[in-house]
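Peer 1:
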Amino acid sequence: MSKNFLSVTKDKLKKQQEKIKKQLAEISNRNKRKGGYSYEAKFPEYGRSEDENANEVADFADSISLGKSLENSLVETELALKKIDSNQYGICEICKKKINRKRLEILPTARYCLNCKNKRKNGI
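Position 112, counted from 1, in the sequence shown is what our numbering calls 112; the numbers after and before it change by one each time, with no gaps.
#1: Between which two residues does the alpha helix (DSSP H) carrying L13 extend?
#2: Helix, strand or coil: how does DSSP classify E40 here?
#3: With H, G and I counted as helix, E and B as strand and the rest as coil, what does DSSP make of I106?
#4: Going by alpha carbons, who is nearest to A41 out of I20, S63, K14, K22?
#5: Does DSSP classify K97 as helix, strand or coil?
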């Protein structure tokens with residue numbers, strides 16, 4: 001990987017990381033835990049009527065799902081940043097071959113080459 005590509009990718013990942021953290025802050029509280037942080041969805045409070053309570057529960061369920069998705073994205077983004085810093089970025093975690101640059105441009109958090117990703121997807 002060229003230094004320019006790695007620099008551009010690192011900047012992109014840092015922006016993505018900040019965006020995810022802001023989104024998480026809007027819908028959840030950050031809790032310190034061993035080895036890092038976790039996020040817990042905030043429970044919305046719209047009022048006391050049954051309709052408002054039903055909306056609170058529905059929105060809370062959505063926040064839990066969205067929060068988990070964002071938290072997973074944050075973990076993947078931070079892992080990619082660590083790999084750049086340790087010169088391991090762009091190397092498939094399974095076969096140890098280089099991940100195609102086009103794949104990394106489209107999905108900078110890719111951990112597997114396309115061949116290994118498809119094998120994992122198909123349970124091979």
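Each residue gets a CB set at the ideal place from its N, CA and C atoms; glycine is no exception.
Peer 2: Reading off the structure:
#1: Working through the sequence shown from its first residue, we reach residue 13 at position 13. Looking at the DSSP string, the run of the alpha helix (DSSP H) that includes L13 is 3-27.
#2: Locating residue 40 in the sequence shown gives position 40, where the first residue counts as 1. Strand at E40.
#3: In the sequence shown, counting from the first residue as 1, residue 106 sits at position 106. Reduced to three states, the DSSP call for I106 is helix.
#4: Within the sequence shown, residue 41 is the residue found at index 41, counting from 1. Ranking the options by Cα distance to A41, first place goes to S63.
#5: For this step, residue 97 is matched to residue 97 along the sequence shown. K97: coil per DSSP, three-state reduction.
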